[in-house]
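Data block below; observations after.
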Amino acid sequence: IAYAINKDIIKASLSNNSGADSNKKLTITLSPRDMKYSGKEVFNIMEGVMALDIDGKTDITDQVNVIIVTDTSIGKKIIRYSVVGSNGNLATNERRLNLINYTGPSIHVSNDVVITSEDLDDLVNILIERDAIRADDGFGNDITRTISYNYEAFADSHKCKFTFTVQNVFNDVASKSIFVEVEGSSAGPTLIIARKTVALKKGDVFNPYEYIKSAYDKKDGDLTEFVVLSGKVDTNKEGQYTVTYTLSNLEGVSVTQRLVVYVG
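Take 33 as the starting number for the sequence shown in the numbering used here and just add one per residue.
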């Protein structure tokens with residue numbers, strides 16, 4: 033009798049534990065379910081987001097990865113959230129974002145801008161000081177200091193093509209190109225990457241060097257092997273990543289490019 037009672041107790045205990053394990057669930061909750069934004073306040077992409085581990089108690093919100101993608105139009109977005117729990121499982125959730133009176137980012141560059149070879153290492157800040165460049169986020173908010181640029185020199189011309197690019201928090205990109213004669217001795221290096229953004233599936237192989245289209249200098253020639261990369265991309269984890277490419281010639285003049293990588 034004692035054996036039978038003990039056996040029943042053991043069975044009940046195992047059954048209860050099994051049920052508790054099966055009820056454990058990794059969750060991401062969103063409140064409000066959908067968002068509206070008018071540009072009048074600071075945009076908080078994590079507003080009302082909470083992620084709880086499988087025990088239902090441990091807050092892992094700070095481990096959540098976020099991607100914004102365009103839905104049906106530039107003002108209609110989908111925000112996708114994902115997190116990996118302590119058991120290695122993935123939880124996802126998403127909500128819609130409606131951008132009110134949103135026009136998308138823009139860049140304005142003065143038509144009569146003068147650029148010297150000494151300006152190239154810090155060109156954006158120099159143009160800001162001259163009030164010759166400005167970018168806004170699509171709501172009229174100034175994001176000029178987030179502008180990146182590259183330029184291309186042509187062997188048969190004294191002018192260089194400068195392309196200025198800006199990306200806002202909604203992952204929309206604007207570019208503006210101008211042709212300017214660079215005053216001074218050396219026009220510096222040229223660094224061109226094939227794309228500004230790339231979308232990968234989880235688990236894809238990512239080789240940042242494949243996106244280098246050209247890296248050279250009129251005086252020093254091909255400088256591809258001197259391109260320095262910073263920023264890591266984990267294709268096993270959903271999210272948004274940025275890889276920065278920097279190239280300097282032998283005179284110390286440098287130029288940078290940025291590649292935004294979406295994994296999801």
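Glycine included, C-beta positions come from ideal geometry on N, C-alpha and C.
CA-to-CA distance, residue j to residue i, given in whole angstroms
{"i": "residue 290", "j": "residue 196", "result": "11 Å"}
{"i": "residue 203", "j": "residue 240", "result": "20 Å"}
{"i": "residue 93", "j": "residue 81", "result": "7 Å"}
{"i": "residue 181", "j": "residue 134", "result": "24 Å"}
{"i": "residue 72", "j": "residue 250", "result": "47 Å"}
{"i": "residue 63", "j": "residue 127", "result": "10 Å"}
{"i": "residue 104", "j": "residue 256", "result": "39 Å"}
{"i": "residue 262", "j": "residue 123", "result": "29 Å"}
{"i": "residue 52", "j": "residue 274", "result": "At residue 52 the pLDDT is 43, less than 50, meaning the model places this residue with poor confidence and gives no usable figure here."}
{"i": "residue 172", "j": "residue 159", "result": "19 Å"}
{"i": "residue 67", "j": "residue 163", "result": "35 Å"}
{"i": "residue 144", "j": "residue 107", "result": "33 Å"}
{"i": "residue 278", "j": "residue 260", "result": "5 Å"}
{"i": "residue 168", "j": "residue 95", "result": "30 Å"}
{"i": "residue 50", "j": "residue 114", "result": "Its pLDDT being 38, under 50, residue 50 is placed unreliably in this model, and the coordinates cannot settle the point."}
{"i": "residue 48", "j": "residue 116", "result": "For residue 48, the predicted structure reports a pLDDT of 37, less than 50, and the residue's modelled location is therefore unreliable. A value from the coordinates is still provided. Going from the Cα of residue 48 to the Cα of residue 116 covers about 26 Å."}
{"i": "residue 156", "j": "residue 283", "result": "20 Å"}
{"i": "residue 184", "j": "residue 254", "result": "13 Å"}
{"i": "residue 213", "j": "residue 258", "result": "26 Å"}
{"i": "residue 238", "j": "residue 270", "result": "13 Å"}
{"i": "residue 75", "j": "residue 252", "result": "45 Å"}
{"i": "residue 266", "j": "residue 236", "result": "10 Å"}
{"i": "residue 118", "j": "residue 97", "result": "15 Å"}
{"i": "residue 6", "j": "residue 83", "result": "Past the edges of the chain, shown from 33 to 296, lies residue 6, and the structure says nothing about it."}
{"i": "residue 243", "j": "residue 56", "result": "43 Å"}
{"i": "residue 154", "j": "residue 276", "result": "16 Å"}
{"i": "residue 178", "j": "residue 65", "result": "30 Å"}
Residue interval of the beta strand (DSSP E) (run including residue i)
{"i": "residue 60", "result": "59-62"}
{"i": "residue 168", "result": "165-168"}
{"i": "residue 290", "result": "286-295"}
{"i": "residue 117", "result": "No beta strand (DSSP E) contains residue 117, which DSSP labels as neither H nor E."}
{"i": "residue 145", "result": "Here residue 145 belongs to no beta strand (DSSP E), and DSSP marks it neither H nor E."}
{"i": "residue 171", "result": "Run containing residue 171: none; DSSP gives neither H nor E here."}
{"i": "residue 249", "result": "244-249"}
{"i": "residue 257", "result": "Where residue 257 is concerned, there is no enclosing beta strand (DSSP E), given that its DSSP letter is neither H nor E."}
{"i": "residue 133", "result": "No beta strand (DSSP E) holds residue 133; DSSP gives it neither H nor E."}
{"i": "residue 279", "result": "271-280"}
{"i": "residue 202", "result": "Taken as a continuous stretch (DSSP letters only), residue 202 belongs to no beta strand (DSSP E), as it is neither H nor E."}
Whether residue i touches residue j by CB criterion (8 Å)
{"i": "residue 208", "j": "residue 139", "result": "yes"}
{"i": "residue 234", "j": "residue 268", "result": "yes"}
{"i": "residue 287", "j": "residue 152", "result": "yes"}
{"i": "residue 99", "j": "residue 272", "result": "yes"}
{"i": "residue 245", "j": "residue 231", "result": "no"}
{"i": "residue 223", "j": "residue 247", "result": "yes"}
{"i": "residue 210", "j": "residue 141", "result": "yes"}
{"i": "residue 136", "j": "residue 170", "result": "yes"}
{"i": "residue 281", "j": "residue 221", "result": "yes"}
Proximity to residue i [Cα-Cα], best of the options
{"i": "residue 129", "options": "178, 78, 159", "result": "78"}
{"i": "residue 132", "options": "70, 238, 113, 206", "result": "70"}
{"i": "residue 88", "options": "97, 58, 106", "result": "58"}
{"i": "residue 264", "options": "280, 248, 292, 253", "result": "292"}
{"i": "residue 147", "options": "279, 238, 284, 215", "result": "215"}
{"i": "residue 199", "options": "155, 60, 279, 166", "result": "166"}
{"i": "residue 176", "options": "161, 184, 183", "result": "161"}
{"i": "residue 85", "options": "76, 101, 60, 102", "result": "60"}
{"i": "residue 109", "options": "174, 258, 201", "result": "201"}
{"i": "residue 101", "options": "174, 242, 229", "result": "229"}
{"i": "residue 149", "options": "178, 191, 56", "result": "191"}
Host alpha helix (DSSP H) of residue i (start-end)
{"i": "residue 161", "result": "155-161"}
- Item | Runs of beta strand (DSSP E) wholly within the region 215-242 (minimum 3 residues, chain order) | Listed in chain order, they are 221-225, 229-232.
- Can you give, in chain order, each stretch of the beta strand (DSSP E) that sits fully within the region 70-105 and has at least 3 residues? Complete beta strand (DSSP E) runs here, min 3: 81-84, 97-102.
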